[in-house]
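One structure is given below, encoded as structure tokens.
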Ligand SMILES: C[S@@+](CC[C@H](N)C(=O)[O-])C[C@H]1O[C@@H](n2cnc3c(N)ncnc32)[C@H](O)[C@@H]1O
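In the numbering used here, the protein residues as written are 270 to 556.
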């Protein structure tokens with residue numbers, strides 16, 4: 270849950286807002302425009318309370334003494350990120366993946382007796398996107414899934430979201446996408462008001478902390494066949510978007526595909542990819 274309490278004792282002045290947003294931007298690439306002063310004030314007020322500090326000025330001083338210690342930054346990321354997501358989000362794009370791009374790759378790999386598939390969800394939030402991909406793999410490959418060496422990686426900057434992903438228990442809210450009743454029945458067990466994901470699907474992906482602003486960390490990933498980088502570029506300014514897209518391009522295999530969110534495009538950010546069109550969706554290919 271995102272903290273919403275507003276503590277009137279903690280006023281964030283404009284000058285301190287600029288200092289605080291610069292500190293967050295430098296580390297994470299997350300950029301707060303001028304109209305986000307109250308958002309930062311509200312979301313971080315609880316941190317001041319927990320640390321026993323009496324002003325944002327003290328908090329900024331405290332952050333500056335942290336040097337390499339990331340613990341407080343993780344608390345900030347947990348507080349300021351919006352982890353909105355749900356199963357089977359943007360069905361037209363998932364159809365292109367399930368019906369065309371995945372089968373093509375599977376056929377190519379089978380032909381050369383290569384059983385490796387690497388898929389990365391680069392802002393996986395609480396896991397719905399990654400588990401959607403795991404369900405699609407399970408549906409498409411069926412009993413042959415076990416013959417494949419699948420690396421399905423979900424990463425995010427929010428440790429809180431990653432813990433929710435590892436927990437894999439969801440409320441009704443996560444099911445507002447195009448998931449069918451059959452998929453829900455097959456892959457989830459209702460427990461009270463929640464739904465627990467089937468253990469087999471839960472065991473397919475791996476979740477890991479990764480800050481997209483860290484190009485060295487991205488460079489250490491295996492070459493990916495598919496990258497889902499959906500609904501996260503909105504956090505970044507143009508400079509960071511370009512930097513993230515360069516790292517993503519480098520880590521994508523030749524012939525691999527990048528998928529963005531429904532309202533997103535690389536227009537004005539990167540011209541390195543080739544656009545491929547599908548009914549109701551497009552994907553970016555690295556030739
Ligand atoms: C709106 S969610 C998108 C979830 C999913 N990809 C989808 O489209 O449904 C955006 C996610 O981006 C993550 N995020 C924001 N800045 C990030 C960064 N610098 N590195 C990695 N993840 C980041 C947030 O924590 C949040 O979980």
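Note that beta-carbon positions come from the ideal geometry of N, C-alpha and C, so glycine has one too. Note that the coordinates shown come from a computational prediction; the quantities given were computed from them, not determined experimentally.
query, result
"Would you list the residues sitting across from residue 466 in a DSSP beta bridge?", "457"
"Would you mind stating whether residue 418 and residue 384 have Cβ atoms separated by less than 8 Å?", "yes"
"Give me, in chain order, the residues of the same chain whose beta-carbon lies closer than 6 Å to that of residue 492; leave out the 5 immediate sequence neighbours on both sides.", "522"
"Quick one: give me the first and last residue of the alpha helix (DSSP H) that residue 314 is part of.", "306-320"
"So, with DSSP's three-state summary, where would you put residue 548?", "coil"
"Ends of the beta strand (DSSP E) at residue 325?", "No beta strand (DSSP E) contains residue 325, which is instead part of the alpha helix (DSSP H) from 325-333."
"Suppose the cutoff is 8 Å on Cβ atoms and the five residues either side in sequence are ignored; what does the same chain contact list for residue 547 look like?", "361, 362, 364, 365, 369"
"Which of helix, strand or coil does DSSP assign to residue 424?", "strand"
"Reducing DSSP to helix, strand and coil, say where residue 493 ends up.", "strand"
"CA-CA distance, residue 379 and residue 410?", "12 Å"
"Rounded to whole angstroms, what's the CA-CA distance from residue 375 to residue 334? Just pull it up for me.", "51 Å"
"DSSP on residue 518, reduced to helix/strand/coil?", "helix"
"If we ignore side chains and look at the alpha-carbon of each, how far apart do residue 318 and residue 394 end up?", "26 Å"
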